[in-house]
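Asks: In my numbering, the protein residues as written are 94 to 398.
1) Name the residue from 320, 172, 105 and 295 whose alpha carbon lies nearest to the alpha carbon of residue 236.
2) Specify, as a first and last residue, the run of the alpha helix (DSSP H) that residue 135 falls within.
3) Alpha carbon to alpha carbon, how far is residue 97 from residue 312?
4) What's the call for residue 253, buried or exposed, on a 16-neighbour Cβ count within 10 Å?
5) Tell me the start and end of each unbroken alpha helix (DSSP H) in the stretch 107-178 that is at least 4 residues and wholly inside, in chain order.
6) May I ask you to verify whether the stretch 311-331 touches the stretch 361-370, counting CB pairs closer than 8 Å and requiring at least 3?
7) Return helix, strand or coil for residue 182, following the three-state DSSP convention.
8) Going by DSSP in three states, residue 347 sits in which element: helix, strand or coil?
9) Short of 7 Å in beta carbon distance, which residues of its chain neighbour residue 266, apart from the five on each side in sequence? Order them along the chain.
10) In the stretch 176-236, which residue ranges form an unbroken beta strand (DSSP E) of at least 3 residues, counting only runs that do not cross its ends?
11) Helix, strand or coil: which one does DSSP assign to residue 249?
12) Are residue 152 and residue 175 close, meaning C-beta to C-beta below 7 Å?
13) If the criterion is Cβ atoms closer than 7 Å, does the pair residue 103 and residue 285 meet it?
14) Using 8 Å as the threshold, is the stretch 295-314 in touch with the stretch 243-250, meaning 3 or more CB pairs across them?
15) Give every residue of the same chain whose Cβ lies closer than 6 Å to the Cβ of residue 217, excluding the five residues on either side of it in the sequence, and list them in chain order.
16) Below 7 Å between beta carbons: does that hold for residue 233 and residue 200?
17) Count the other C-beta atoms from every protein chain shown that fall within 10 angstroms of the C-beta of residue 208, then say buried if there are 16 or more, exposed otherwise.
18) With distances taken Cα to Cα, identify the nearest neighbour of residue 352 among 323, 339 and 170.
19) What residue from 132, 204, 182 and 205 has the CA that sits closest to residue 195's CA?
20) For residue 277, which of helix, strand or coil comes out of DSSP?
21) May I have the straight-line CA-CA distance separating residue 243 from residue 302, to the nearest angstrom?
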């Protein structure tokens with residue numbers, strides 16, 4: 094998806110030549126309320142083709158038709174602060190407007206298929222994606238994964254053109270200091286990190302892993318829940334699940350989750366969070382990819398295409 098923004102959005106890969114953009118972002122006079130509201134929450138309203146969001150002390154945002162975002166910043170809010178919300182929460186809502194399934198996930202490419210890592214903030218999604226990137230796997234998405242179904246009903250993941258977002262400790266542990274960019278916000282010790290390689294093509298889902306720490310009663314390993322439980326896990330890892338419920342999209346997510354569970358597989362991955370265990374986690378994943386047919390080599394290292 095190509096975005097034309099009148100405000101700089103750190104952490105997005107810049108294109109040299111931009112064709113007709115899919116999405117435009119610009120400052121406008123954002124209304125305080127919408128007409129013909131069909132649903133509303135404490136700080137948002139939705140009509141048939143518009144979505145109005147107010148973030149206190151940040152700004153107001155008007156999303157229209159899944160193709161434009163207008164914003165009006167609160168007093169004393171700089172570009173860096175508002176850009177974080179534009180590229181995060183606001184863009185996630187826009188993807189919902191475009192009828193995408195949006196997961197809180199990072200993804201890498203394994204032999205032409207997207208392998209997704211889902212989990213709450215701090216679960217290690219970006220860190221695992223970065224570790225795999227250092228081993229030759231290209232990044233597909235970071236933090237948000239947009240999924241559609243093609244005409245055959247196959248779940249397809251769309252690349253997002255984002256940099257990784259990593260804490261300083263992860264950057265040091267993975268020896269990525271040479272790729273570290275600016276801090277996300279102020280003095281926050283979280284930074285944009287240029288991936289070793291990025292995918293630009295949409296691709297089918299190869300597997301989805303729900304991340305957990307191996308604390309009792311969980312033990313380290315990979316397990317496959319049944320289709321219903323897998324679909325429930327996917328719904329729980331939707332990007333902004335409260336909004337999904339308020340927009341009445343739970344059934345849609347459940348149906349797509351069931352399709353992914355049947356076609357590709359939804360798995361739980363429990364592992365230690367310490368960096369010294371990362372090699373073991375990667376080895377466990379690569380062995381699993383061979384077991385489920387994503388790769389034929391026992392170490393998973395085939396052309397990543």
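All residues carry an ideal CB built from backbone N, CA and C; glycine is no exception.
Replies: If we stick to the structure as given:
1) 105
2) Neither: residue 135 is in no alpha helix (DSSP H) and is coded neither H nor E.
3) 46 Å
4) buried
5) 172-178
6) yes
7) helix
8) helix
9) 368
10) 194-203, 206-211 and 232-234
11) strand
12) yes
13) yes
14) yes
15) 304
16) yes
17) buried
18) 323
19) 182
20) coil
21) 22 Å
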